[in-house]
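As structure tokens, the structure follows; a few thoughts come after it.
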Amino acid sequence: MTIWNLGSINADLSYSVPHLPVPGETLAAASMSRGLGGKGANMSVAAARAAARVVHLGAVGADGAWAVGRLMEYGVDTRHIVEVDEATGHAIILVDGQGENSIVIHHGANHAIPQDLLGRALSEAETGDLLLIQNETLLQPEAARMARELGLRVAYAAAPFEAEAARAVLGLCDILVLNAIEMEQLQAASGLGLAGMGVETVIVTEGGRGGRLHLAANDWEAERFETPKVTPVDTTGAGDTFTGYLLAGLDRGMPLRQAVELASRAGALMVTRHGTADVIPDLKEVQAARFG
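Dropping the structure here:
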């Protein structure tokens with residue numbers, strides 16, 4: 001099986017700061033680094049490192065060849081990443097001493113993905129494959145409809161939260177992954193309860209407290225799951241790592257609870273590292289990790 005990921009590709013410009021700034025405050029950063037990021041790229045790398053076959057659908061500018069090369073190094077199929085006139089997307093990430101972050105995103109090429117790319121790419125998909133979408137690109141509803149028509153399962157990571165984007169795809173996806181704050185925002189914006197969202201599987205993450213599963217088959221009753229206890233140094237990309245590992249596990253035929261456990265271990269290991277796509281752990285590291 002294959003995971004087809006319509007996703008963003010960013011240059012992550014990360015700054016270590018003593019605390020997250022308040023309005024009007026100027027801070028000196030202790031360090032700065034540039035790495036591969038974007039929720040889409042992070043999830044592609046995570047799924048590939050979890051031993052799934054991943055094809056990334058996306059766009060970069062003329063300045064983005066390094067990002068495509070980096071994705072290839074991590075095992076992602078990049079044949080359906082195109083170069084467009086817009087500059088490659090980027091994110092400015094501030095990380096404080098407790099590992100919390102604040103992020104500003106410039107979409108750039110991520111909002112210039114040509115629609116005909118969807119047809120070219122998904123024409124290669126097979127029934128039972130999985131399409132993954134997030135909110136850092138356009139064309140999510142079009143991709144989800146096309147995937148459904150072709151017999152693919154559709155997973156939606158509703159981040160960063162956008163009410164209009166969520167309403168456009170809710171009835172078109174099979175798996176919904178989001179954090180607790182995004183879940184509150186979604187329910188407030190849509191006015192829908194779990195049963196009204198039209199999604200069979202909803203996974204709500206709650207950071208270090210684990211999270212909960214809501215399944216249509218279980219009448220939406222919450223099932224708790226735990227995450228290993230760690231001391232976080234940088235939470236950037238942890239949710240993306242969780243989602244990539246989750247879908248890789250499901251794509252390989254794991255039961256949902258087992259895939260969630262694997263994803264939770266990967267996410268916990270991720271928050272002990274500084275960076276995004278470049279430091280996502282591989283499957284061997286996740287399986288070998290020992291948590292206190």
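With my numbering applied, the sequence shown corresponds to residues 1 to 292, in that order. We put the CB at the ideal spot given by N, CA and C, even for glycine.
Contacting residues, own chain, Cβ-Cβ under 8 Å from residue i (five flanking each side not counted)
| i | result |
| --- | --- |
| residue 130 | 1, 2, 3, 4, 152, 153, 154, 155, 247, 250, 251 |
| residue 91 | 10, 11, 12, 13, 37, 38, 103, 104, 105, 106 |
| residue 201 | 174, 175, 176, 213, 214, 215, 216, 256 |
| residue 115 | 139, 142 |
| residue 128 | 1, 151, 152, 153 |
When the options are compared against residue i, the one with the closest alpha-carbon
| i | options | result |
| --- | --- | --- |
| residue 132 | 114, 157, 25, 108 | 157 |
| residue 76 | 242, 268, 7 | 7 |
| residue 109 | 65, 73, 125, 283 | 65 |
| residue 175 | 92, 73, 214 | 214 |
| residue 81 | 188, 222, 30, 57 | 57 |
| residue 46 | 287, 280, 286 | 280 |
| residue 21 | 188, 72, 103 | 103 |
| residue 235 | 221, 259, 99, 198 | 99 |
| residue 43 | 224, 260, 242, 289 | 242 |
| residue 28 | 96, 266, 70 | 96 |
| residue 162 | 150, 186, 149 | 186 |
| residue 26 | 85, 69, 17 | 17 |
| residue 30 | 24, 23, 19 | 19 |
| residue 209 | 289, 273, 79, 179 | 179 |
| residue 40 | 15, 33, 32, 71 | 71 |
| residue 221 | 205, 194, 245, 263 | 194 |
| residue 135 | 182, 126, 117, 121 | 182 |
| residue 85 | 113, 73, 69, 79 | 113 |
DSSP state of residue i mapped onto helix, strand, coil
| i | result |
| --- | --- |
| residue 48 | helix |
| residue 271 | coil |
| residue 313 | Nothing can be reported for residue 313, as the shown portion of the chain is limited to 1 through 292. |
| residue 70 | helix |
| residue 278 | helix |
| residue 126 | coil |
| residue 264 | helix |
| residue 40 | helix |
| residue 54 | strand |
| residue 121 | helix |
| residue 259 | helix |
| residue 60 | strand |
| residue 20 | coil |
| residue 27 | coil |
| residue 289 | coil |
Own chain residues within Cβ distance below 7 Å of residue i, not counting five before or after
| i | result |
| --- | --- |
| residue 292 | 229 |
| residue 198 | 170, 171 |
| residue 282 | 49 |
| residue 211 | 203, 204, 205, 225 |
Residues near residue i in its chain [Cβ-Cβ closer than 6 Å; skip 5 each side]
| i | result |
| --- | --- |
| residue 169 | 140, 141, 144, 156 |
| residue 111 | 138 |
| residue 35 | 12, 275, 276, 278 |
| residue 273 | 279 |
| residue 15 | 29, 32, 94 |
Presumed contact (8 Å Cβ cut-off) between residue i and residue j, rounded CB distance
| i | j | result |
| --- | --- | --- |
| residue 88 | residue 11 | 6 Å |
| residue 239 | residue 159 | 7 Å |
| residue 271 | residue 232 | 4 Å |
| residue 227 | residue 267 | 7 Å |
| residue 83 | residue 62 | 6 Å |
Exercise for the section: Would you list, in sequence order, the uninterrupted beta strand (DSSP E) runs of no fewer than 3 residues that lie entirely inside the segment 128 to 206? Expected result: Whole beta strand (DSSP E) segments, 3+ residues: 130 to 133, 153 to 157, 175 to 179, 201 to 205.
Handout entry: Entirely enclosed beta strand (DSSP E) segments - the segment 77 to 118, minimum 3 residues
Key = The beta strand (DSSP E) runs of length 3 or more contained entirely in the segment 77 to 118 are, from start to end of the chain, 77 to 83, 89 to 95, 101 to 106.
Practice task
Only counting runs of 3 or more residues, tell me where the beta strand (DSSP E) segments fall wholly within the segment 207 to 254, in order along the chain.
Solution key: Those beta strand (DSSP E) runs which fall completely within the segment 207 to 254 and span 3+ residues are 211 to 215, 223 to 225.
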